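One structure is given below, encoded as structure tokens.
Chains as they are written, first to last, in this note's numbering: chain A, 9 to 348; chain B, -16 to 453.
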């Protein structure tokens, strides 16, 4: 598979599922099996409690992660005790999660383990740095449910997007929802000389005036837009928003007469919390969104099997996505069968 | 009294505790659990150790830094050692903790050999290291190594072969794994039996390393803040160049100087008078802080100190949250003073410090209370300091007065921002029993409403002329 070559370029990779049971775990297992002969030291972890709870909710098959010999992994004490492999303890964290402290270990024999890593992005960032110190070349982070923010370039360098029948059992609907996320990931980056101007900004709405200077509009948050709309256009139509971009905010911008001149700059794609309909309406009217940092999307994988047993036609889905998105799409169920 | 409790009562002590450069979690625990010391021998042992570390820092700072770095890697494995001692089977994580601890302890033991003089005795854990590192890798990571049992090595080899051949069913592989894991459990049990003999040594090492961590932190702080070793004496407590580190630090941030003071406390009562803003309260707080530091085995913030040990320090500075217990500020103060008086009457060896006794009531009765309480301390030879604004104190009490605004100001205008530089904070013996009348002057310097100052001044003038007529 071509995307595996790309993976080895990066120091960290996240696997983000658009919905539960979109085949994240199969995708991860596939990636790992392909990395078996890699000379790189690979480490694995997940964000938050993954696996167990979710299985108890949906009662669906949820495979554990199969690790190769020599790979490292980070999981909680609770899950470490339940591991089905032999491994060497490398380190134990000082801080605890709800499942105990985090254990960093190296596998002696291949085998299965359940992953439960740090609870939030800040700790994932710290963990990745720590693993790097321990000689890890590539850290792969399995994203838990609704953790799109993990794909932020501030957290991991690259991401794989897992989508599938669980998101929608209707192919056009599934393609539409996936395309929306894809479009956000593809948002263009601003000029690199402009980037330092926005890096330190923590909150509020800021404007970039004609002379290239960054000005505070005095609007403290996009939630205040209705009350302070008179201040918005005082310095022009280029804006930087450090926090979330909501439906309400995009709706408001869409209805302004200057909409076709508006350029909205955000940190990265994970900051958009608007519905696809709102976003596309804004874009259609001529509004533009750009990002400070673009995400490296390595691949899109699909799982045609939905948790309620519905199976989409894999070829049809793959073709529909590829035609629409113009990127290679991989069926994790099929590639997994092909290797084992 | 535990240090834990003392820092909750004395802000200056908490400040110093937070500033300590402690590296390990057990160093912090050791400090918080440490008990106040009441005998000279124990304290001198602690001061000697601190002195040794100070000398080591001065002669070989790099080595101490290396030891600190090793200390920073230590984990508090008190619970794990407890489990080991209680004959429980440890899991791999606990065994890892013990191995990693033994490694670092051994490292510190070796580093300490390079010091001119040994500071802390550490048990030799090389026997434990040998058991937990059968491959002599020198790395603290751990698992149940194949080296422990041929049977285990064989079982794991079988598992590896079965996996690579790919021919066996999932169930069969699980079965092989389970068997290997069973053997592993047995080996782990044997291993725990073998290392159990080290439980006592580990506990000793934990305590000694925690103490070492604290000693280095204390020594560094003493150097950094110019603290000095107190000499323990039986008679008067005498401080030369005494200062309050937290306030000194705060003034330094504002680019202001702190004036250190000298003070002697005999085994009797001593009253401190002086203008407002003259630092009387600070003197009391510093005295309390120094006494605590001294008796918790720290050096003290003074250029020279002779300290007489006490069994208890009793401080009343009137910032109690009296509203919370439903008492008025006067009632709450009286309850506090009552305790002090009772202790004085029973001739307990204490240090009593009272800030502006009876200031919340009328001056006539207030003065009477001050004289009464001071008299009790005087008669019972209780080492005590009371600050007051009242005139008319009994003549036989020893009195110290803050010099106050005695300096020559030149053409400078004094304001609340620079008053600090014109105030002379030093204490002088004073036999008059009169107190300085500078309240109005200082109030006007603080820039309060002119009308208040003028009206008050008129009132004073009227009183004065009435007295003249009479």
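Quick reminder that beta carbons are idealized off the backbone N, C-alpha and C, glycines included.
Computed from a prediction, not measured in an experiment: that's the story for all the values here.
Counting only residues of its own chain and dropping the five nearest sequence neighbours on each side, residue 159 of chain B has a CB closer than 7 angstroms to the CB of 141, 142, 145. Boundaries around residue 310 of chain A are those of the beta strand (DSSP E), 304 to 311, since no alpha helix (DSSP H) includes it.
Taking residue 2 of chain B as the centre and dropping the five residues before and after it, the same chain places the C-beta of 204 closer than 8 angstroms to its C-beta, in chain order. Neighbourhood of residue 162 of chain B in chain A, by CB distance below 7 angstroms: empty, with the nearest CB roughly 13 angstroms away. The alpha carbon of residue 164 of chain A has as its nearest neighbour, out of A/174, A/176, A/170, A/151, the alpha carbon of A/151. Going by C-alpha positions, residue 299 of chain A is about 24 angstroms away from residue 55 of chain A.
DSSP assignment within the region -3 to 41 of chain B yields the following whole alpha helix (DSSP H) runs of 4 residues or more, N-terminal first: 8 to 16.
Taking 8 angstroms as the threshold, the shortest C-beta distance from residue 55 of chain A to chain B does not fall below it. The Cβ of residue 130 of chain B sits no closer than 8 angstroms to any Cβ of chain A. Only those residues of the region 71 to 82 of chain B whose C-beta falls short of 7 angstroms from the nearest C-beta of chain A are listed: 74, 75, 76, 79, 80.
Near chain A, meaning a CB-to-CB distance below 8 angstroms, no residue of the region 23 to 38 of chain B qualifies.
The alpha-carbon separation between residue 223 of chain B and residue 285 of chain B amounts to approximately 6 angstroms.
In chain order, 139, 142, 143, 146, 160, 163 make up the part of chain B whose C-beta sits under 9 angstroms from the C-beta of residue 117 of chain A. The region 158 to 208 of chain B contains, as complete alpha helix (DSSP H) runs of 4+ residues, the segments 182 to 208 (chain order).
When DSSP states are grouped into helix, strand and coil, residue 266 of chain B belongs to the helix group. Chain order gives no chain B residues near residue 318 of chain A, where near means a beta carbon separation below 7 angstroms; the closest approach is about 27 angstroms.
Taken atom to atom, the span from the alpha-carbon of residue 305 of chain A to that of residue 13 of chain A is near 13 angstroms.
Contact check between the region 138 to 150 of chain A and the region 264 to 280 of chain A: fewer than three CB pairs, one atom from each, fall below 8 angstroms, which does not count as touching. Spanning the alpha carbons of residue 233 of chain A and residue 257 of chain A requires a straight line of approximately 7 angstroms. Counting only residues of its own chain and dropping the five nearest sequence neighbours on each side, residue 328 of chain B has a CB closer than 8 angstroms to the CB of 359, 363. Around residue 124 of chain B, the beta-carbon contacts reaching into chain A at under 8 angstroms are 96, 97, 98, 99, 114. Around the Cβ of residue 365 of chain B, a 10 Å sphere holds 16 or more other Cβ atoms; the residue is buried. In chain order, 214, 215, 217, 243 place their CB closer than 7 angstroms to the CB of residue 223 of chain A, counting only its own chain and leaving out the 5 sequence neighbours on each side.
For residue 128 of chain A, same chain residues with a beta-carbon under 7 angstroms away, outside a window of 5 residues either side, do not exist. Within chain B, the C-beta atoms nearer than 7 angstroms to that of residue 85 of chain A come from 76, in chain order. Approximately 4 angstroms separates the beta-carbon atoms of residue 13 of chain B and residue 193 of chain B; this is inside 8 angstroms, confirming the contact. Secondary structure of residue 86 of chain A (DSSP, three-state): helix. The beta carbon of residue 130 of chain B sits closer than 6 angstroms to the beta carbons of 117 from its chain, once the five residues preceding and following it are set aside; these are given in chain order. Taking the Cα of residue -13 of chain B as reference, the smallest distance to any Cα among B/279, B/24, B/283 is reached at B/279. Using a 10 angstroms sphere on the CB of residue 34 of chain A, the tally of other CB atoms reaches 16 or more, which defines it as buried.
Among the residues facing chain B, residue 144 of chain A is not included, as its CB has no counterpart in that chain under 8 angstroms away.
DSSP places residue -14 of chain B in the helix class (H, G or I) of the three-state scheme.
For residue 287 of chain A, not one C-beta of chain B is nearer than 8 angstroms to its own C-beta.
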